[in-house]
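Chains A and B, in that order, give the protein sequences.
Each residue of the first sequence is one higher than the one before, counting from 155 in our numbering.
Each residue of the second sequence is one higher than the one before, counting from 3 in our numbering.
From the three backbone atoms N, C-alpha and C, an ideal C-beta is built for every residue, glycine too.
In what follows, a single structure is set out as structure tokens and then discussed.
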Amino acid sequence: MSISGNQKAIMMKEKLNADFARKGVLTGLFSGCTWGLNSVLLGLALGLIPLMGDDAGKYALFAIPLAAACMNDSFAGLWLLLYNGGAGRFKEIIRSLKTFPGLMVCVAALLGGPIANGGYLLGISMAGPAYALTITALYPIVGALLSRIFLKQHIVPRVWVGMLLSVIGAIVISYVPPEGGNSETFYLGLLFASLAALGWGAEAVLAVFGMSMIDPKIAINIRELTSGLFLAIFVLPIVGGWVIVSQVFTLPGTLGAFAIAALAAAVSYLAWYKANTTIGVAKGMALNGTYVMWGVIFSVVFLNSPLTQNLVIGSGLVLIGATLVAINPKEFFKKGEVA
Amino acid sequence: MADTLPLRFRVLHYISTVDKASADQIMQALKPEYGTEKQFTKKVFVDHLLDMKANFIIDDNDVTLDDKGELVIYYSINDEGKRLLGKYLPKRWTQK
């Protein structure tokens, strides 16, 4: 195709596109930061759920985490509804749902919400956190691979290396000593953990594909509401999660804590979807993956959590990895451009 | 009249019906459909165009400066964009 227009116009266009990509990188980092904040706030909200007497053990494994996931997604969906409604985009949600790409976002929601979340929890309970968390931490790599295959997104070696360092960092941070390979459910647990990594990776790829034609602000609203509703209607009744939700609704303070955590989730997801579509799945996911490091920082600063050696080393690796993903050193030192 | 498409989808569709178009030209053409909505701003249109360009479904090979020295980018649909539209544009729109 021929390029017309004078040299100045071309330079201005290139600057516009570079600024747009740089904004995408910052948006991705912001999504990681707010996701870390969400994890910490969600942890605080969970701590406000009263113990359930003799039944505590029964609820701890699935009911409480899934009820929390359901409330997190549902409230985030409602926050986003307020945001989009206020900006006059409510009609866009209905319009989008009437198209195939809109429905694809719903499928992405089910993969990333109930399926991945469920796999994550089942993986941890069956295979133990040491193995399950290591496998689920691989999700940015799965997402990058899937985006390479299905979206034909080009990923430069620098980004691969950065992503690998970030993932190793995340594993170091969440490392817990293995408790010794136990029961026959161990391998099933590994399978569920893999399902979680696959679910989150596939979510990003499907959503990005849908967002070629759908506004990211609308896509994420559809995602949160779909996931929240599905968990509420189909999953919580099975695991006894409604007992937890109804209890939370009788405690205004606890309910408020979940609502505030969900606000951080809404902001974070909004930023993640926008970053994924602007700078590609690989970079978007890797930058979002810095949430592990942000979570550590927030816990140390606000909750006085002890700073262990693992946390320092892991966070350092995540930081170096994310920087490599985001910035091409050659370009950076030349002019501060983002590759 | 077919259902109104989501704005980003409609922008892609509009670009497929012309040789090339700038953000202002697209807004002019879509004013009857979306003009009364709060999202009908240049900023929103430019963002949709930059995102679709970043997703390699439209090209921005034609640029110029207007009388005031401001950049005008003309976007055109490419093969990947055409493929997506061919596959996912609702039937009632393809028949228009």
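(request) Using a Cβ cut-off of 9 angstroms, pull out every chain B residue sitting near Ala263 of chain A, in sequence order please. (result) The premise fails here: Ala263 of chain A is roughly 17 angstroms from chain B at the closest Cβ pair, so nothing lies under 9 angstroms.
(message) Going by beta-carbon coordinates alone, are Leu478 of chain A and Leu319 of chain A separated by less than 9 angstroms?
(response) yes
(request) Use the C-beta contact count for His50 of chain B: other C-beta atoms within 10 angstroms, 16 or more gives buried, fewer gives exposed. (result) buried
(message) Just to check my reading of the structure: Glu378 of chain A and Tyr423 of chain A have Cβ atoms closer than 8 angstroms, yes? What is that Cβ distance to the nearest angstrom?
(response) 7 angstroms
(message) Which residues does DSSP list as the beta-bridge partners of Leu73 of chain B?
(response) B:Leu67
(message) Measuring only the C-alpha atoms, how far is Val402 of chain A from Leu191 of chain A?
(response) 21 angstroms
(request) Taking C-beta pairs closer than 8 angstroms, name the residues in chain B that Ile218 of chain A reaches, listed in chain order. (result) Within 8 angstroms Cβ-Cβ: nothing; Ile218 of chain A doesn't reach chain B, min ~37 angstroms.
(message) Please identify the residue among B:Glu39, B:Phe42, B:Val48 whose C-alpha is closest to the C-alpha of Lys62 of chain B.
(response) A quick correction: the sequence has Asp, not Lys, at residue 62 of chain B. Checked all of B:Glu39, B:Phe42, B:Val48; the closest Cα to Asp62 of chain B is B:Val48.
(message) So for Lys169 of chain A, helix, strand or coil by DSSP?
(response) helix
(message) I want to verify the contact list: residues of chain B whose CB lies under 8 angstroms from the CB of Gly242 of chain A, in sequence order.
(response) Glu39, Lys40, Gln41
(message) For Asp49 of chain B, report the span of its alpha helix (DSSP H) as first-last.
(response) 44-56
(message) Please report the distance separating the alpha-carbon of Gln97 of chain A from that of Gly407 of chain A.
(response) Because chain A in this structure spans residues 155 to 493, residue 97 of chain A falls outside the shown range and cannot be described.
(request) Say whether chain A places a C-beta atom closer than 9 angstroms to the C-beta of Tyr16 of chain B. (result) no
(message) Between Phe47 of chain B and chain A, is the shortest Cβ-Cβ distance under 9 angstroms, so that the two count as touching?
(response) no
(message) Out of A:Ile325, A:Leu200, A:Ser381, A:Leu232, which one is the CA nearest neighbour of Val446 of chain A?
(response) A:Ile325
(request) Note down, in chain order, every chain B residue with its Cβ under 7 angstroms from the Cβ of Asp369 of chain A. (result) Pro8, Leu9, Arg10
(request) Report the partner residues of Ala23 of chain B according to the DSSP bridge assignment. (result) B:Tyr77
(request) Please state if the CB of Val315 of chain A and the CB of Gly475 of chain A are separated by a distance shorter than 9 angstroms. (result) yes
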